[in-house]
């Protein structure tokens, strides 16, 4: 077990039907690779074996995959965000897709964090990210008013 890779661990988990935290079923496909049609054709049998719908993947309609599926997709060029099992409201992984993941999987918690706690404003203070990136992460348009960013609740268009 000392030399096991993550793939080996997930193969074993699946083989032995070991229960695991549902967070590992919520990996987000952040970026689809170029030449997707060629990748799908070359890996079709493995994708089917992993229970990934090839046509949906080809049409970029899949957003969430299980961890063992994500490991394979990463190996062929997909960019994947994998949630962690730490504190749900910690803002530090925001630049890695955490806000996007929260919005897709835990909308009520996301809205509470954003509106009630003011997490979106905290992000502006602690993360040196471009405005457009922040808008995508928080799902809202930012308006520059008197040199202070305000969050427009209408969302990003």
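Numbering (the numbering used here), first residue to last: 1178 to 1334. Glycine included, every Cβ here is placed at the ideal spot set by N, Cα and C.
* Asked: Which ranges does the beta strand (DSSP E) cover as unbroken runs of at least 3 residues, wholly within the region 1209-1256, from first to last along the chain?
  -> none
* Asked: In angstroms, rounded to a whole number, what distance separates the CA positions of residue 1196 and residue 1212?
  -> For the purposes of this step, residue 1196 is identified with residue 19 of the chain shown, where counting begins at 1. For the purposes of this step, residue 1212 is identified with residue 35 of the chain shown, where counting begins at 1. Rounded to the nearest angstrom, the two C-alpha atoms are 36 Å apart.
* Asked: Rounded to the nearest angstrom, how far is the Cβ of residue 1335 from that of residue 1246, given a contact under 8 Å?
  -> Here the chain comprises residues numbered 1178 to 1334, so residue 1335 is not present and cannot be evaluated.
* **Between the CA atoms of residue 1242 and residue 1187 - distance to the nearest angstrom** => Your numbering for residue 1187 matches position 10 in the chain shown. Your numbering for residue 1242 matches position 65 in the chain shown. So the alpha carbons of these two residues sit roughly 14 Å apart.
* To do: Measure from the alpha carbon of residue 1216 to the alpha carbon of each residue in 1232, 1253, 1202 and 1181, then state which is nearest.
  => Here residue 1216 refers to the residue found at position 39 when the chain shown is read from its first residue. Here the closest residue by C-alpha is 1253.
* Between the C-alpha atoms of residue 1293 and residue 1281, what's the straight-line distance to the nearest angstrom? -> In the chain shown, the residue the question calls residue 1293 occupies position 116. In the chain shown, the residue the question calls residue 1281 occupies position 104. Roughly 18 Å separates the two Cα atoms.
* To do: From the DSSP output, read off the bridge partner residues of residue 1204.
  => For the purposes of this step, residue 1204 is taken as the residue at position 27 of the chain shown. In DSSP, residue 1204 forms a bridge with 1242.
* Continuous alpha helix (DSSP H) stretch holding residue 1187: start and end -> Taking the chain shown and counting its residues from 1, the one referred to as residue 1187 is at position 10. Per DSSP, residue 1187 belongs to the alpha helix (DSSP H) from 1183-1192.
* To do: Give a yes or no on whether the C-beta atoms belonging to residue 1204 and residue 1239 are separated by under 8 Å.
  => For this step, residue 1204 is matched to residue 27 along the chain shown. For this step, residue 1239 is matched to residue 62 along the chain shown. Result no, Cβ atoms of residue 1204 and residue 1239 do not sit closer than 8 Å.
* Using the Cα positions of residue 1322 and residue 1255, report the straight-line distance between them to the nearest angstrom. => Reading the chain shown from its first residue, position 145 is the one you call residue 1322. Reading the chain shown from its first residue, position 78 is the one you call residue 1255. Summary for residue 1322: the model assigns pLDDT 45, below 50, so the residue's position carries little reliability; its value from the coordinates is reported in the next sentence. Those two C-alpha atoms are separated by around 38 Å.
* To do: Would you mind reading off the limits of the alpha helix (DSSP H) that contains residue 1284?
  => Position 107 of the chain shown, counted from the start, is the residue given in the question as residue 1284. Unbroken alpha helix (DSSP H) run through residue 1284: 1284-1288.
* For the putative contact between residue 1184 and residue 1248, defined by C-beta atoms under 8 Å, what is the C-beta separation to the nearest angstrom? -> Taking the chain shown and counting its residues from 1, the one referred to as residue 1184 is at position 7. Taking the chain shown and counting its residues from 1, the one referred to as residue 1248 is at position 71. Confirmed, about 5 Å.
* Asked: Candidates 1259, 1290, 1284 and 1288: which alpha carbon is nearest residue 1199's?
  -> Position 22 of the chain shown holds residue 1199. Nearest C-alpha to residue 1199: 1259.
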